[in-house]
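K.L.:
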Amino acid sequence: MRFALNGHEEDVDAHPAARLLDVLRVECGLTGTKEGCGEGECGACTVLIDGAPVCSCLVPFSQVEHAHVITIEGLGDDHPLQHRFMDEVGAQCGICTPGMIMAALVLGKNPTLDDVKTALAGNLCRCTGYGAIYRAVLKWKAGDESPPSVESE
Amino acid sequence: MPSVGQNVSRKDGIGKATGRAQYADDLVFPGMLHGRTIRSTIPHGRIRSTTISIHSGFRTPDHDDASQRGSLARHGFTFVSHRDIPGRNVVALIEADQPFLAERDVLHQAEPIFLLAHENVQTLNALTIEITYDTLEPVFDPEKSEGVLKRIDIVKGDVEFALARADVIVEGTYRTGHQEHVYIEPNGVIAVPEEDGGIAVYGSVQCPFYVIKALKSLLGDDAKVRVIQTETGGGFGGKEEYPSILAGHAVLLARKSGRPVKMVYDRVEDMIATTKRHPSIVKHRTGVMRDGRIVAMDVDVILDGGAYVTLSPVVLSRGCIHAAGAYRCENTRIVGRAMFTNTPPNGAFRGFGAPQTEFAVEVHMDRIAEQLGIDPVELRRMNALRPGDQTATGQTLRDDTSALIVLDEAVKRTDFHRKRAEYKGTNKAIGLSLFYHGSGFTGSGERHLNSKARLDLTEHGVRIAVGSTEIGQGTRTMHAQIVADTLQIPYESVEVAQPDTSKVADSGPTVASRTCMVVGKILEECALDMRAKLGSMTPGQYYAKHGSFSVERKYEPPDWIEWDDHTYRGDAYATFAWGCDVAELEIDPDTYEIKPIKLTAVQEFGRPIHPALAKGQIEGGTAQGLGYALIERVVMKDGAMANAQLTNYVIPTTLDTPAMDVVMLENRYPDGPFGAKGLGELPMDGPAPAVVNALRHYGLDVRELPATPELLATCDSL
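The listed protein sequences derive, respectively, from chains U and W.
Heads up: the first sequence is residues 130 to 282, going by my numbering.
Heads up: the second sequence is residues 1127 to 1844, going by my numbering.
(1) Near U/A173, which residues of its chain fall below 7 Å by C-beta distance, leaving aside the five closest residues on each side in sequence?
(2) With 16 as the cutoff for other CB atoms within 10 Å, does W/E1286 come out buried or exposed?
(3) Which residue marks the beginning of the alpha helix (DSSP H) containing U/W269, and which one marks its end?
(4) Which residues of chain W have a Cβ atom closer than 7 Å to the Cβ of U/D206, listed in chain order?
(5) Have a look at U/N135 and U/V176 and give me their C-alpha separation to the nearest angstrom.
(6) Looking at chain U, is there any beta carbon in it that lies within less than 8 Å of the beta carbon of W/S1135?
(7) Beta-carbon of U/F190 versus every beta-carbon of chain W: anything under 8 Å?
(8) Per DSSP, what kind of secondary structure is W/T1412 in: helix, strand or coil?
(9) From what residue to what residue does the beta strand (DSSP E) around W/R1174 run?
(10) Classify W/D1188: buried if its beta carbon has 16 or more other beta carbons within 10 angstroms, exposed otherwise.
(11) Kindly list the residues whose CB is nearer than 7 Å to the CB of W/F1155, restricted to its own chain and excluding five residues on each side of it in sequence; keep chain order.
(12) So, at 6 Å on beta carbons, what are the nonlocal neighbours of W/I1180 in its own chain, with the 5 sequence-adjacent residues on each side left out?
(13) What residues in the segment 1306-1340 of chain W bring their beta carbon closer than 9 Å to a beta carbon of chain U?
(14) Alpha carbon to alpha carbon, how far is W/L1442 from W/P1715? Give it in angstroms, no decimals.
(15) Counting only Cβ pairs nearer than 9 Å, list the residues of chain U close to W/E1618.
(16) Identify whether W/F1203 lies in helix, strand or coil by the three-state DSSP scheme.
(17) Among W/E1807, W/L1844, W/N1576, W/G1520, which one has its Cα closest to the Cα of W/W1689?
(18) Do the segment 1352-1364 of chain W and the segment 1301-1315 of chain W touch if we need at least three Cβ pairs shorter than 8 Å?
(19) Can you pull out the residues from the segment 1749-1777 of chain W whose beta carbon lies closer than 8 Å to at least one beta carbon of chain U?
(20) Please name the residue, chosen from W/R1580, W/Q1332, W/M1389, that lies closest to W/L1159 on a Cα-to-Cα basis.
(21) For U/E202, which residues in chain W fall below 7 Å Cβ to Cβ?
(22) Looking only at C-alpha atoms, which of W/S1343, W/G1765, W/H1823, W/R1580 sits nearest to W/I1168?
(23) To which residues does DSSP link U/V198 through a beta bridge?
(24) Along chain W, in chain order, which residues have C-beta atoms closer than 9 Å to that of U/P227?
(25) Using a Cβ cut-off of 9 Å, pull out every chain W residue sitting near U/K268, in sequence order please.
(26) For a cutoff of 8 Å on Cβ pairs, would you count U/A220 as touching chain W?
(27) How about W/T1779 and U/A250: do their beta carbons lie closer than 8 Å?
(28) Using the beta-carbon of each residue, which ones in chain U are nearer than 8 Å to W/A1738?
(29) So that I know if they touch, is there some Cβ in chain W lying closer than 8 Å to that of U/R148?
(30) Fully enclosed by the segment 1771-1795 of chain W, which beta strand (DSSP E) runs are 3 residues long or longer?
(31) Checking 8 Å against the spacing of the C-beta atoms, do U/Y259 and U/L242 come in under that value?
(32) Let me know the secondary structure DSSP gives W/D1138 once reduced to three states.
(33) Quick one: list the residues of chain U neighbouring W/E1366, beta-carbon separation under 9 Å, in chain order.
(34) Since W/E1745 meets chain U, which of its residues come closer than 8 Å, beta carbon to beta carbon?
(35) In this structure, how does DSSP classify W/F1485 when only helix, strand and coil are distinguished?
(36) Anyone know if the C-beta pair for W/I1338 and W/A1380 falls short of 8 Å?
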């Protein structure tokens, strides 16, 4: 089945009912997307499908045919939001971080703290109490918009 | 430029922000099988017989039957029972009572009985094993249980004599429920047979050397095993003792199959089978004078230990030592008991008994204030421990005692009294808690541990080689700061070895708020030695001239520490960290929905090595404490967690977590590295009593956690 993954066309042979999460991690070898609960509660497996943040543990592989999936690996290692997460210590244990970053990517311009909280309400973090994550996201938004290569997909 | 006190970048920041950090489930080894645990489905009984079915077409009557095991093997399964254990079927910890795999008796739900491995996960999960039991009556109520796992008595002065002379006696019973850790990465390990005949265990663990101890019991003392900590997605105590069992299981499967075996729990299995915070019942009987002076404290602590001893004795110990709160009292009696019940063993969880007992004493303090008609701040101020005072164990406190300092700062900063008056009669409320937390192992614990640390000189600087694990709290970064500044080299020149028990020094477990204060101190000593040997050279210059060398040092607790394990008298901790939390809430008077508006956390822990990391510990611990206070309820049915999903067991989201005002005060501990004390657990102790005292301010007599709307609807109005 064909779909776009981080900007590249991929042809992957996996069961149509396989979880997108497993296809990404096992078939595609992209282990940056994490499993925390397997039922769409924790958000650790958040990826963008055609620009929308989605829990990849709830998506059957067949649903992404011809869609564009972006995972944390699609951001490379020099994305300004990644730098803000490092500067503000938005990552402690780090297991929720890829999902947090993917969920935060779709925030619009000049978000309020409430906007950030709402955007991240489906992503659980047990380490930070969220404060450092808000600081990272708000500073990123105040400082620079993300590169269009990710947000405009 | 010194790095201590600066917010240098985390050593592990880039790996975590890019998703490149490798957690246990991210690792794949050639020929790897997946493992599965077959668990009991009853709380108490004896195993009678076992039936195994592969896809429904394959049945055998008895797991001892050789033909059945042959059939399993033909289908590609590896099957393990207790008979496959070469050494002792005992998870070595404090007592030798818990088996890796049940033999005949089952003492709790989800107790491991058999293990299976297969290369295909679907095939593995399609196999069914039915076990029939002769069931026995279970015990679930710790107050009705007759099995005492541990009893502790702390006695100072004459409680009965003082109670008889007190103006007023205030009594109360306080209860707390289980709490689930909910590290976002569930437990997981991979056991890998190595070419030299040994086995390597890669895993999400807090204490790699605990796992080694358990594996030596399982396999025999001469077994060749090493444990490598993978990136770990949170621990909070939940990966302190449990991974020893999981690692043992994976190792048994790997030995039998000769192949790597990965065992990663899903969330449901993790919640049903692994440890939780001990539920507690704490009874207070306190003698006070009319002016507010506390003259007698009689405290009875019961913890629900579950079906095996595991760490309950030491959780009880810390709970009891903290049970009299941050107050001075000449006549104190604390009796603690950890009780057997037919539930999965409860275990280590951030705070380790203290959140339970400090909840009780802090709610009790507000009730005493109420009965005497004294302001709750004034009552605390009058009785708070000061330098020179003695704790319940007879420990004389030193100058780094900050109860009054944190209390006064929190009251002033929150304008507590004005708000207290202003909110009265509205849907808003405000309450506070004063608390403390002993840093490091209790009593003689650090002396027995004999922790070591090592520094290796490298081409570019130095490498820290300790078994202390990074589980999110910032171990790597904070240790590197201490070493860099002591050696007077750049922070960037210090690297931190991945904990591999075959390569690093055993610096003791990553628990008990000891990783900065104790292990950091040994590293400081190592760095001082190394500095002396380097003379005026940089590590690079020395390496070029003489090559590498290592420095290893052992922890020496301060020489003034005296502790008697039998009488429970003496210096329980080298130092304490102190905190005062103020909770402001909004209460829906119809639904009892509680919305925390603001949490002010004033905490003193010596000196923050990395202020942003320290703030993260306080914010994260406070959020965990708020969850404990209000929403995290474990529902037990027939001895098993009935809501073992994140859909039904909820933890605070962004929308449940209030604004936090974190204040970090300094009062340096002279024997800590750069004056640091322990911090990790302190923030867990304060939020629950602050919230419940705010609910009391609103007019609800709450004496139990979690204070869910369902509970509040049944509480008396004041």
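Virtual Cβ for every residue (Gly too), placed ideally from N, Cα, C.
This one's a predicted model, so the numbers in the text were calculated from it and none came from an experiment.
P.N.:
Let me lay it out:
(1) Closer than 7 Å at the Cβ level, and outside the excluded window around U/A173, lie K163, E164, G165, I224, C225, G228.
(2) By the neighbour-count criterion, in which a residue is buried when 16 or more other Cβ atoms sit within 10 angstroms of its Cβ, W/E1286 is exposed.
(3) Per DSSP, U/W269 is one residue of the alpha helix (DSSP H) stretching across 260-272.
(4) In chain order: I1140, T1144.
(5) Cα to Cα, U/N135 sits roughly 10 Å from U/V176.
(6) Yes, W/S1135 lies at the interface with chain U (some Cβ there is under 8 Å from its Cβ).
(7) No, because no Cβ of chain W sits closer than 8 Å to the Cβ of U/F190.
(8) Reduced to three states, the DSSP call for W/T1412 is strand.
(9) Boundaries of the beta strand (DSSP E) harbouring W/R1174: 1171-1180, taken from the DSSP string.
(10) Legend: pLDDT at W/D1188 = 47, less than 50; position of this residue unreliable, no value from coordinates given.
(11) Excluding sequence neighbours, W/F1155 sits near I1316, V1318, P1386.
(12) Taking W/I1180 as the centre and dropping the five residues before and after it, the same chain places the C-beta of H1201, L1253 closer than 6 Å to its C-beta, in chain order.
(13) Flagged, chain order: H1307, V1308, Y1309, I1310, E1311, P1312.
(14) So the two alpha carbons sit approximately 37 Å from each other.
(15) Under a criterion of Cβ atoms nearer than 9 Å, no residue of chain U is adjacent to W/E1618; the nearest Cβ is some 14 Å distant.
(16) Three-state result, W/F1203: coil.
(17) Comparing Cα positions, the closest option is W/G1520.
(18) Contact holds between the segment 1352-1364 of chain W and the segment 1301-1315 of chain W, because three or more Cβ pairs, one in each stretch, are under 8 Å apart.
(19) Closer than 8 Å at the C-beta level to chain U, one finds these residues of the segment 1749-1777 of chain W: A1749, Q1750, Q1771, L1772, T1773, I1777.
(20) Nearest to W/L1159 by alpha-carbon distance, out of W/R1580, W/Q1332, W/M1389, is W/M1389.
(21) Simply G1145.
(22) Its Cα nearest to that of W/I1168, the residue W/G1765 stands out among W/S1343, W/G1765, W/H1823, W/R1580.
(23) DSSP lists U/L134, U/I178 as partners of U/V198.
(24) Simply K1142, A1143, T1144, G1145.
(25) Within chain W, no residue comes near U/K268; the closest Cβ sits about 13 Å away, beyond 9 Å.
(26) Answer yes: the Cβ-Cβ gap between U/A220 and chain W drops below 8 Å somewhere.
(27) Taking 8 Å as the Cβ cut-off, W/T1779 and U/A250 qualify as a contacting pair.
(28) Result: E217, V218, A261.
(29) It does not: the Cβ of U/R148 has no partner Cβ on chain W nearer than 8 Å.
(30) If only uninterrupted beta strand (DSSP E) runs of at least 3 residues are considered, those enclosed by the segment 1771-1795 of chain W are 1785-1791.
(31) Cβ atoms of U/Y259 and U/L242: not closer than 8 Å.
(32) Reduced to three states, the DSSP call for W/D1138 is coil.
(33) Per Cβ cutoff of 9 Å: no residues; W/E1366 is ~15 Å from chain U at best.
(34) Taking a Cβ-Cβ threshold of 8 Å, the residues of chain U close to W/E1745 are T257, G258, Y259, G260, A261, in chain order.
(35) Looking at W/F1485 - three-state DSSP - the assignment turns out to be helix.
(36) Remark: C-beta atoms of W/I1338 and W/A1380 do not approach each other more closely than 8 Å.
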